[in-house]
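A quick write-up on the structure given underneath.
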Amino acid sequence: MIKKVLKINGMPRTLIVNEEDSLAKVLREQMMLTGCKVGCGQGQCGTCTVIVNGKAVRSCIMKMDRLEDDSEIETIEGIGTVDDLHPLQVAWMGHGCAQCGFCSPGFIMSAKVLLEENLSPTREEVRHWFQVHRNLCRCTGYKPLVDAVMDAAKVLRGEMKKEDLIFKPVGNKILGTSYIRPSALKKVTGTWDYGADMALQMPPDTARLALVQSEIPHAVLKGVDHSEAEKMPGVIKVITAKDVKGKNRISGLITFANNKGDGWDRPILCDEKIFQIGDAVAMVAADTEEHAKEAAKKVKLDLEPLPAYMSAPEAMAEDAIEIHPGTPNIYYETNCIKGEETGPIMASAPYVAEVETYSSRQPHLHLEPDCGFAYIDEEGRLTVHSKSIGIHLHSAMITAGIGIEPDKFRLVQNPSGGTFGYKFSPTMEALLGVACLALDGRPCSLVYDMYQNITYTGKRSPAFMNIRMAADENGRFLALEGDNYIDHGPYSEFGDLLTMRLSQFTGAGYDIRNIRNKSQTVCTNHAWGSAFRGYGSPQSYMGSEVCIDVLAEKMGIDPFELRYRNIYRKGSGCTTPTGQEPEVYCLEEMYEKARPVYYEAKERLAKMNTDKFRYGVGFASGIYGCGLDGKDSSFANIRLNPDGTCTVYNSWEDHGQGADIGALTMAHEVLREAGFTPEMIKLVQNDTALTPASGPAGGSRSNVVTGNATRVAAEMLLNAMRKNDGTFRTYEEMTAENIPTYYEGTWAAAACTDCDLETAQGAPFSNYMYELFIPEVEVNMETGKVRVIRLTTVCDFGTIINKIVVDGQVYGGCTQGIGLALTEDFEDYSKHTTLKGCGIPYPEDVPDDFNIIYTETSRPLGPFGASGCGEGPLTAGHPAILSAIYNATGARVLEIPARPEKVKEAINALKQ
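Just so we're aligned, residue 1 is where the sequence shown starts under full-length UniProt numbering, counting upward by one.
See below:
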């Protein structure tokens, strides 16, 4: 131990610390300054950035023995107060920078040093500063962050007032404006406590957990020897499958009856077999996290290796054994059968194009590692807190496996860093429940490090797409055929639903009357497949959008024009691939707005070409449905309070997309007629003991389905308050007249139907979102490196509920699309285990020249005409980028990520 005398946020402090501890650990665990976040723990993400002696420092890699005495340290807690925020904090709120908010304190501290050194930076200098200081954001796409720094600099130079950075409602209206989200203030001041922060505040006797995980992907588990681990300091118990009181399985909730599995294939703790690298076999509970991790290393696993099938083709081979005995490795098939037989059409069509494409195992790369804790609450319920984005769904999936009755289980969502869909699957919820019960109700917590976060959470499932399309002499599409398969890893949860998405979205946006599209789900030993933003659409459009480009090349037609000839048009009799009539016809207007942007770029970029650098523009269209398939429904409740305020109750889980501002705006738009201001509406969200089953926050369903339920509840209250003379009753008048003050709202997509099991025909979604992508790229012809230098997108999400939230979703989703196209992957366990190794985009990897064009076509079934928006920006940006690479070089890339060596190979192939 060493003594350190430091000045922290202006106050002298004397600390006794472990010399090997990081500054981040000391600030968080000894000083309880938890505004300093720990993401990667490797100096790659900047969430832990603090200021040390005037310099921006990543505190997770700053060891205490390197820190000089009398060093001055500033954290987010020390730069502003609630009543007197630093201009950067105000700008962060005003520009919607704090989406999930996990990176916000680190960015703000980094930017503070920048502005102290350079009060008039250019946008390029701001981005470069964040680049070299390794500040990462997964939510925003960086543009809003640069906007915020530029405006904060204006305030500090005296050119702008701080209060002008925040939108102020006019006429008590916030719908369609840039009203800041309720959580923004806490996020920018470092007082928004995430799961790991809350775990530090647990009682002293809380057991800290560490996992014992498999290092091989497929094996028979013959034994677990934990005798040495039990002798290690601080160990309370080693928990194995023998300690699980229930069936020790997580239910995959089979969606379709023709699935050949039963859904009970994922163990909580492995008991018979290992199915993937990272599978949990045991948990060590100890008095500290350090003791638990050291003891976990002493647990010995007796494993008999089995053949490991790390890709779908390997698992589909004739000699492959069944990964789950009794269930074939190809366990689900869906066929989109629409119109006439396509074989004869293909044989006689003037033009036919065929492509085989591959879309990668994209990792989510969320900056907040998975975390949670469990305890027995005051009513004797096993209570788990986690990052779940489907609290009622996950309760149904794990209680039988844990061995507890549903009414004795409570699941609460913590304030969460972004998930981007990985938390649509349970991760550690069942582990925490098992541990708490095995420890006789003792509270416990579990926090993954970044290695576990990357290797032991779900991934986007890779897809092998074989697509053929036919067109007539006039460029009208005649037919589409497909033979595709999804590598969904070892666990079946939602695998059939994902594969159905290939039937729903391949070819979407175009009038294609005849389709025969087969897709299969394959079980492998690579990382398990989970939901990821865009769910199924990136795989689908990697097939159909690339095929359209190839077809356009064959016909000698510009890819933009070929698409435009075939889009959904009112009165044409067109339907979606599943035979559903589009709910709106917005594509003509969108294409007309995109047309001048596309052709101007094409002309301008052609003049920029040199021998070393070539420039090109691409185009693609993406469409996504809002909701769970069929008659999706949601519940939301509202209560009028004695003080004249009201409280909205729903389970609209928030992982950065803006559930708080969504629920607030839906209720306020109704209740403002009765004089309610935003401040008069309170929110209680995401606790199965307190909030109704609103459904999971995935598939861009919440804004539509839970938004409608919230609207309905508010309307019920408003109508009850309304007097005959048009004024409104007070709480006292309501109770005096025996009128209820509590209302339960519900909404269902009643007009929707499930897709047919044999043909995939149906009307699965009440609303769709539409987005066009126009990326401009620079290609280094010597190295193959591709850089997106400009991106324009045209979006129609219906009525925009909150402008800065929707802007942020588009910037962030499109940036993830750039990563999907060019850099991001999780394939090699020897190198794809860090944020940088997985290819996460840093600030200079994405363009600052980023333009959004909106059309707002009102949705008949959307709340106030709104659709969803979160999935749209990650539907088809990647095929558009591949299109731009082709436009620049003439080289066709059919697999992503299009890393330099892959692009260079395609360029070289042109010369042969």
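We put the beta carbon where it would ideally sit given N, CA and C, even for glycine.
Excluding its 5 nearest sequence neighbours in each direction, residue 839 has C-beta neighbours in its own chain below 7 Å: 819, 823, 824, 825 and 897, listed in chain order.
If only complete runs of 3 or more residues are kept, the stretch 565–618 shows the beta strand (DSSP E) at 613–617, in order along the chain. Residue pairing by DSSP places residue 89 opposite no residue, since no beta bridge is assigned to it.
The distance from the Cβ of residue 868 to that of residue 767 is about 7 Å, consistent with a contact at the 8 Å cut-off. Contact between residue 540 and residue 505 holds, with the beta-carbon distance rounding to 4 Å and staying under 8 Å.
Shown here, residue 299 sits in coil according to DSSP, grouped into three states, outside any helix or strand.
Membership of residue 112 in the alpha helix (DSSP H) is indicated by the continuous run 104–117.
Shown here for residue 152: same chain residues with a beta carbon closer than 6 Å to its own, the five before and five after excluded, namely 87, 88 and 91 in chain order. Apart from the 5 residues on each side of it in sequence, residue 711 sits with its Cβ closer than 7 Å to the Cβ of 666, 670 and 863 in its chain, given in chain order.
Non-local C-beta neighbours of residue 831 in its own chain, meaning closer than 7 Å and more than five positions away in sequence, comprise 837, ordered along the chain. By the beta-carbon neighbour count (other beta carbons within 10 angstroms, threshold 16), residue 650 is buried. Pairing residue 371 with residue 601 gives a Cβ-Cβ distance that is not under 8 Å.
Ranking 747, 481 and 510 by CA distance to the CA of residue 346 puts 481 first. A distance below 7 Å between beta-carbons, with the five flanking residues on each side excluded, links residue 859 to the following residues of its chain, in chain order: 583, 584, 767, 798, 865, 866 and 867. Checking the DSSP bridge columns, you'll see residue 624 partnered with 769. Around residue 127, the same chain offers 142, 146, 843, 844 and 848 as residues with beta carbons nearer than 8 Å, after the five sequence neighbours per side are excluded.
Sequence-distant Cβ neighbours of residue 113 in its own chain, meaning closer than 8 Å and more than five residues away, are 51, 54, 55 and 56. Rounded to the nearest whole angstrom, the CA to CA distance from residue 167 to residue 93 is 10 Å.
Around the beta carbon of residue 624, 16 or more other beta carbons lie within 10 angstroms, which makes this residue buried. Secondary structure at residue 373: strand, using DSSP grouped into helix, strand and coil. In this structure, residue 774 lies near residue 597, with their beta-carbon atoms less than 8 Å apart. CA-to-CA, the gap between residue 281 and residue 214 works out to about 7 Å. A buried status is given to residue 871, since no fewer than 16 other beta-carbon atoms sit within 10 Å of its beta-carbon. Per DSSP, the unbroken beta strand (DSSP E) holding residue 12 starts and ends at 11–17.
For residue 501, the three-state secondary structure derived from DSSP is helix.
Residue 276 and residue 722 have their C-alpha atoms spaced approximately 59 Å apart. Remark: C-beta atoms of residue 594 and residue 772 approach each other more closely than 8 Å. Taken through DSSP and simplified to helix, strand or coil, residue 360 comes out as coil.
The beta carbons of residue 374 and residue 283 sit no closer together than 8 Å. According to the DSSP assignment, residue 813 belongs to the alpha helix (DSSP H) that extends over 803–822.
In the three-state reduction of the DSSP assignment, residue 733 falls in the helix class. A distance below 6 Å between beta-carbons, with the five flanking residues on each side excluded, links residue 226 to the following residues of its chain, in chain order: 238 and 299.
For residue 795, the enclosing beta strand (DSSP E) has its first and last residue at 786–796. Bridge partners of residue 826 according to DSSP: none are assigned. The alpha-carbon separation between residue 782 and residue 568 amounts to approximately 41 Å.
The continuous stretches of alpha helix (DSSP H) do not include residue 853, which lies in the beta strand (DSSP E) extending over residues 850–855.
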